[in-house]
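Right, one structure below, let's go through it.
2 protein chains.
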Amino acid sequence: MTGTHITATTQFVDADGVRYAYRRFGSETGTPLLFFQHFRGGLDNWDPLVTDGLAKGRPVILFNYAGVASSSGENATTVDGMADGGAAFVKALGLSQVDVLGFSIGGFVAQSFAHRYPELVRKLVLVGTGPRNGETNPDPKVLQVAGNPVPTEDDFLYLFFSPSEASQAAGRAFWARRHERKDQDPPSSIDTLKAQAAAIGEWRQPRGERYGYLKEIRQPTLVVNGSNDIMVPTVHSFTLQQHIPNAQLILYPDSGHGSQFQYPRQFVANVTLVLDATVGQS
Amino acid sequence: MTGTHITATTQFVDADGVRYAYRRFGSETGTPLLFFQHFRGGLDNWDPLVTDGLAKGRPVILFNYAGVASSSGENATTVDGMADGGAAFVKALGLSQVDVLGFSIGGFVAQSFAHRYPELVRKLVLVGTGPRNGETNPDPKVLQVAGNPVPTEDDFLYLFFSPSEASQAAGRAFWARRHERKDQDPPSSIDTLKAQAAAIGEWRQPRGERYGYLKEIRQPTLVVNGSNDIMVPTVHSFTLQQHIPNAQLILYPDSGHGSQFQYPRQFVANVTLVLDATVGQS
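As given, the protein sequences belong to chains R and B, one line each in that order.
Using the numbering used here, you'd call the opening residue of the first sequence number 1 and step up by one each time.
Using the numbering used here, you'd call the opening residue of the second sequence number 1001 and step up by one each time.
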């Protein structure tokens, strides 16, 4: 082990004129697992129970997209552009192949990345996310809260968890864990918010046959969501599983967009089963 | 351990005038896991990899419904009637609580059993199944093949597995495992086929608010299916998860009705995670 979520130093690597901030920790062997973060989020918006849990079996790499928080440059205004940045970052680290875990807009980026750079991706984990040009969009109130200048704990409890007492309590526990690290990355800018909003808007547009690109994602894939995600409606996860040829779906009970933060131990166990499975394993 | 799928002797217990055939094996401690079988199936239609895998952590109990194969009596003509028989059987064994794994029509029975005998059921696993009065029914060709007088290997490969080479190969491997035991239970009769078909027909009828009873199933539940089940369409599993308050859904890739026989090791691992979780575990 080389460090943990809390202790890993923030490092930087230059690629295509951007200085990318990242942290690498966990096992020194195994296919590295690269995390693609949610709307506006950075290095410190993950859950230490999830990242450290998965880092037991492989190196974990967290990074900021171009323009996010401590990364330099500007956030791309398309999902494909963000995936191009991810590919430049991976190559700059000298890695030939990674596993990818993408959450929310990070799941859009992960799909584009796996589809357009298939040689770089061994396996794929798509969390709280959906396909290009999905069937439904969230309630306008959701978008309003997600755009608050400084997202608060209450915003996250509303956006990422179900209204039940158990889910809200799990959300508060996550919020505490997510702040355990002292030297938190700075928040991302309003320009980054605007660029990512543009990328989400572009992702909602049709391109070719609906869901056609999903048939071309050949990596073993795990799709995960909560039972009632109000940000990226849960049915989108079902759609992903139905169209990606080798995809397993897991939906957790009484949960929302952040189900992996509500059930971190189960999530780590479920993801580990898929990442550790050999090809064709029954 | 007291025996295995292959070695456990067939025992009998009398309840409400029926002599039920059953086999019990595996761990001597833990909440027993009772299996409710599919259309026309009996003690030998399970997969030794699944039953022995789950028996490592708890006693496993396989049984035949009344009228099926080596059980005496007549199969009930409603799902509720079949669940009443299950309750009589459990009480005759002197058990106060069990976990239940129901497959296909056995999943219908498991829902009725958990809903109407909640004190008898700790946790629920619903495989390749759907709710009362679900949205769609299978293709008529499926029903025709399922009614063949003597179901063949080819029938099972068509009904339980996807058409892909990998799924068909997994199906043939299952078929070999399923015949490893020498003293196979006799097949069930045409009268039993007719009674179970009537029970399925009754289950398709509305009763009260659609899916309303699912909200009253309070047990922690795992719903499992293949990505494209032609017998009980996969969307029914999504519906179950969306309406049972504490339900997790797992859909496996490139698979059909018998996904648990295609991915027996993953299935055992996934079911074990849910059965072994303590209440409220994250």
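C-beta atoms are modelled at their ideal positions from N, C-alpha and C, and glycine is treated no differently.
It is roughly 32 Å from the alpha-carbon of Gly212 of chain R to the alpha-carbon of Thr51 of chain R. At least 8 Å separates the CB of Gln1184 of chain B from every CB of chain R. Taking a C-beta distance under 8 Å as the contact criterion, Asn1137 of chain B and Arg1204 of chain B qualify as a contact pair. Within the stretch 135 to 184 of chain R, the complete alpha helix (DSSP H) segments of 4 residues or longer fall at 140 to 146, 153 to 160, 165 to 178, listed in chain order. At least one CB atom of chain R sits nearer than 8 Å to the CB of Leu1273 of chain B.
Two segments are said to touch when three or more pairs of C-beta atoms, one from each, lie closer than 8 Å; by this definition the stretch 1161 to 1170 of chain B touches the stretch 1250 to 1258 of chain B. A direct Cα-to-Cα measurement between Val1145 of chain B and Asp1154 of chain B gives close to 10 Å. Leu1034 of chain B and Leu1193 of chain B have their alpha carbons spaced roughly 22 Å apart. Identification of chain R residues near Ser1227 of chain B by a Cβ-Cβ cut-off of 7 Å yields Gln241, Gln242, ordered along the chain. Within the stretch 1227 to 1282 of chain B, complete beta strand (DSSP E) segments of at least 3 residues are found at 1247 to 1252, given in chain order. In terms of Cβ geometry, Val127 of chain R and Val224 of chain R form a close pair [threshold 8 Å]. C-alpha of Leu249 of chain R to C-alpha of Glu1216 of chain B: approximately 25 Å in a straight line.
Contact between Asn1064 of chain B and Tyr1020 of chain B holds: CB atoms are separated by about 7 Å, below the 8 Å threshold. With contacts defined as CB atoms closer than 8 Å, Ala1055 of chain B and Leu273 of chain R fail to qualify as a contacting pair. For Leu1049 of chain B, the uninterrupted alpha helix (DSSP H) run begins and ends at 1048 to 1055, by DSSP. Using a Cβ-Cβ cut-off of 7 Å, Leu251 of chain R is close to Gln1241, Gln1248, Leu1249 of chain B, given in chain order.
Within the same chain, Thr31, Pro32, Leu33, Leu34, Arg58, Val121, Arg122, Lys123, Leu124, Val125, Leu275 come within 8 Å of Asp99 of chain R by CB-CB distance, once the 5 residues on both sides are set aside.
In the three-state DSSP reduction, Asp1084 of chain B falls in the helix class (H, G or I). Assignment of Ile61 of chain R by DSSP, reduced to helix, strand and coil, places it in the strand class. In this structure, the alpha-carbon of Ser104 of chain R lies about 42 Å from that of Glu1202 of chain B.
When secondary structure is reduced to three states using DSSP, Gly1067 of chain B falls in the coil class, being assigned neither helix nor strand. For Thr1029 of chain B, the three-state secondary structure derived from DSSP is coil. For Gly1102 of chain B, the enclosing beta strand (DSSP E) covers residues 1098 to 1103.
Nearest CB-CB separation between Ala1170 of chain B and chain R: below the 8 Å threshold. Excluding sequence positions up to five before and after Ala1114 of chain B, its CB lies within less than 7 Å of the CB of Val1100, Val1121, Leu1124, Ile1217, Gln1219, all in the same chain and listed in chain order. For Phe1012 of chain B, the closest of B:Tyr1263, B:Leu1043, B:Thr1029 by C-alpha to C-alpha distance is B:Leu1043. Assignment of Arg1019 of chain B by DSSP, reduced to helix, strand and coil, places it in the strand class. For Lys1194 of chain B, the enclosing alpha helix (DSSP H) covers residues 1190 to 1203.
Residue environment analysis places Leu1143 of chain B among the exposed positions, since fewer than 16 neighbouring C-beta atoms fall within 10 angstroms of its C-beta.
Its chain contains Ala66, Ser72, Gly73 as the residues whose beta carbon lies nearer than 6 Å to that of Val18 of chain R, once the 5 sequence neighbours on both sides are disregarded; these appear in chain order. Counting only the Cα atoms, Ala1008 of chain B lies some 58 Å from Asp84 of chain R. Your pair Phe1036 of chain B and Gly1106 of chain B checks out as a contact, with CB atoms roughly 3 Å apart and the cut at 8 Å. Taking 8 Å as the threshold, the shortest C-beta distance from Phe1238 of chain B to chain R falls below it.
Our two residues, Gln97 of chain R and Val90 of chain R, have alpha carbons roughly 8 Å apart in a direct line.
Using a CB distance below 8 Å, no part of the stretch 98 to 129 of chain R faces chain B.
Taking 8 Å as the cut-off, the beta carbon of Thr129 of chain R is found no closer than this to the beta carbon of Val235 of chain R.
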